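Chains as they are written, first to last, in this note's numbering: chain E, 37 to 435; chain U, 125 to 206.
Note that CB positions come from ideal geometry on N, CA and C, so glycine has one too.
Treat the numbers as computed from the prediction; the structure is a model and nothing was measured.
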């Protein structure tokens, strides 16, 4: 028995951070990202609408949603750009329709296409170095209006690459101040990115985006003079998680169960007292139940060397399924064994389930005060939810 | 000095839903007279529900004695008698 080979030794992590201009409650920058599972593509758009506040928000939303959909169905950047520009409503004060955008389209082989219109240039960091892109200018002819130029760049991403999209709120931050009379600029932003990656080589998309936005905000002396947005796309080794639940149908396979846990190259969760006992027995380790902090709803978790989390089985797993189904956010939930699993699921890219199919007959006793579902069915449901709603890769193996 | 009683509470699924959840609070509810005499630990499963001759969950082990249908009252009762 083996875990499925990872098809792509690189997965794409996308995240962004944003601060709105002044006290505006609605941002004039919009960052959108979508994974197209069948095509294994990820498309991200950062759009900056003219001005700030609601009106800019509407322009930017229109632009980014159209950008996503056009790239998805046509892939011709000039066509997408023309349609967007022709559709944008004209501002009543300035008598122009205007919204800038950067579009990044990553396909299943990590071929990247970057389409840009008037935004600060998208930065690509390979390791800590910012690399140059061969940009091609493409004319976009428009109905009744002057043609404009967009830039298109294609490149092959490598594991460890990061693509950083910034709005002009970042590149122009600090403008007019003594240390940065002409603003932070793209070059200095690039240097800052380099420093951040040198400091922490595996800095996540979210952490890097946060660092850049915070720095831009500080450049302004703790204000956002324009909407400040940064989106980061990070090509990294996928994070793997193992969830093992249930004793093997055939007791002879107990040894195999323990070997599977030991050999797994990622984080490990065991759900089920008997399962944990089997692993403990086979590996000569000890399990300790944490009686200290107890959630009244769920049995407590336990600890064992080499395992990241050990919980009770079916009640806890059932609760996790409910959290996933209700699209809860872990931060808003009480910390209990189920929320710990929930959090680890969301932080992983590939989730492998190993499900033992032996049934504890007592669980089927009709006198039980609660109905206990069959483990196999609950795991199937969790895996389907993770695939469909959370865009994770999953595998289930029965033992 | 080792304690007189070592109480192991099963927190497996069957025990938990059959009333074991209340047993988790034993440490807080145990009468003061016994507080110095007991060591309370949890177990993720005592495997006692596998054999119906053991009786009904929840199960608690007190030293070598396996108590079926355990409750805080029954545990305290047992401690008083021994």
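Query raised in the report: Assuming residue 322(E) and residue 335(E) make a contact with CB atoms under 8 angstroms, what is their CB distance in whole Å?
Result: Numbered from its first residue, the first chain carries residue 322(E) at position 286. Numbered from its first residue, the first chain carries residue 335(E) at position 299. So it is not a contact: roughly 18 angstroms between Cβ atoms.
Report task. Give the secondary structure of residue 181(E) by DSSP, where H, G and I count as helix, E and B as strand, and everything else as coil. Result -> Position 145 of the first chain holds residue 181(E). If DSSP states are grouped into helix, strand and coil, residue 181(E) belongs with the strands.
Query raised in the report: Under 7 angstroms between C-beta atoms, does residue 338(E) make it to chain U?
Result: Along the first chain, read from residue 1 onward, the residue named residue 338(E) stands at position 302. Yes, because at least one Cβ of chain U sits closer than 7 angstroms to the Cβ of residue 338(E).
Query raised in the report: With 16 as the cutoff for other CB atoms within 10 Å, does residue 174(U) come out buried or exposed?
Result: Within the second chain, residue 174(U) is the residue found at index 50, counting from 1. With fewer than 16 Cβ atoms within 10 Å of its Cβ, residue 174(U) is classed as exposed.
Report task. Could you tell me which chain U residues have their CB closer than 8 angstroms to the CB of residue 408(E), listed as they occur along the chain? Result -> As a first step, residue 408(E) is located in the first chain; it is residue number 372 there, counting from the start. Neighbours of residue 408(E) on chain U, chain order: 137, 141.
Query - Terminal residues of the alpha helix (DSSP H) in which residue 241(E) lies - result: What you label residue 241(E) is simply residue 205 of the first chain in a count that begins at 1. Residue 241(E) -> alpha helix (DSSP H) spans 241-255.
Requested in this report: Taking C-beta pairs closer than 9 angstroms, name the residues in chain U that residue 350(E) reaches, listed in chain order.
Outcome: Start at 1 with the first residue of the first chain, and residue 350(E) comes out as number 314. Those are 137, listed as they occur along chain U.
**Report entry** Beta-carbon spacing of residue 377(E), residue 430(E) below 7 angstroms
**Finding:** By 1-based counting over the first chain, the position of residue 377(E) is 341. By 1-based counting over the first chain, the position of residue 430(E) is 394. Going by C-beta atoms, residue 377(E) is not nearer than 7 angstroms to residue 430(E).
**Report entry** residue 179(U) at chain E interface by Cβ criterion, 7 angstroms
**Finding:** Numbered from its first residue, the second chain carries residue 179(U) at position 55. Not closer than 7 angstroms to any Cβ of chain E, the Cβ of residue 179(U) fails to qualify, so no.
Query - 4 or more residues per run - each alpha helix (DSSP H) lying fully within the segment 207-235 of chain E - result: 221-235
Query - Helix, strand or coil at residue 100(E) [DSSP, three-state] - result: Stepping through the first chain from its first residue, residue 100(E) is reached at position 64. Three-state result, residue 100(E): helix.
Report task. Kindly indicate if chain U contains any beta-carbon less than 7 angstroms away from that of residue 342(E). Result -> Against the first chain, residue 342(E) aligns to sequence position 306. So no, residue 342(E) is outside the interface.
Requested in this report: Helix, strand or coil for residue 150(E), going by three-state DSSP, please let me know.
Outcome: Counted from its first residue, the first chain places residue 150(E) at position 114. Of the three classes helix, strand and coil, the one that applies to residue 150(E) here is strand, per DSSP.
Query raised in the report: Are the segment 197-212 of chain E and the segment 135-150 of chain E touching by the rule of at least three beta carbon pairs closer than 8 angstroms?
Result: yes
Requested in this report: Select from 257(E), 174(E), 86(E), 264(E) the residue whose C-alpha is nearest the C-alpha of residue 214(E).
Outcome: The residue you call residue 214(E) lines up with position 178 of the first chain. Answer by Cα proximity: 257(E).
Report task. May I have the straight-line CA-CA distance separating residue 141(U) from residue 193(E), to the nearest angstrom? Result -> Within the second chain, the letter at position 17 stands for residue 141(U). Within the first chain, the letter at position 157 stands for residue 193(E). Going from the Cα of residue 141(U) to the Cα of residue 193(E) covers about 52 angstroms.
Report task. Could you name the residues of the same chain whose beta carbon sits closer than 8 angstroms to that of residue 124(E), not counting the 5 residues immediately before and after it, in chain order? Result -> Position 88 of the first chain, counting from 1, holds the residue named residue 124(E). Taken in chain order, the residues that qualify are 95, 98, 99, 133, 134, 135.
Requested in this report: Put residue 126(U) into one of helix, strand or coil per three-state DSSP.
Outcome: Looking up residue 126(U) in the second chain gives position 2. Three-state DSSP puts residue 126(U) in coil, outside helix and strand.
Query - Touching by the beta-carbon criterion (3+ pairs, under 8 angstroms), the segment 290-306 of chain E and the segment 83-94 of chain E - result: no
Requested in this report: Name the residue from 210(E), 104(E), 368(E) whose alpha carbon lies nearest to the alpha carbon of residue 141(E).
Outcome: In the first chain, residue 141(E) corresponds to position 105, counting from 1. The shortest C-alpha separation from residue 141(E) is found at 104(E).
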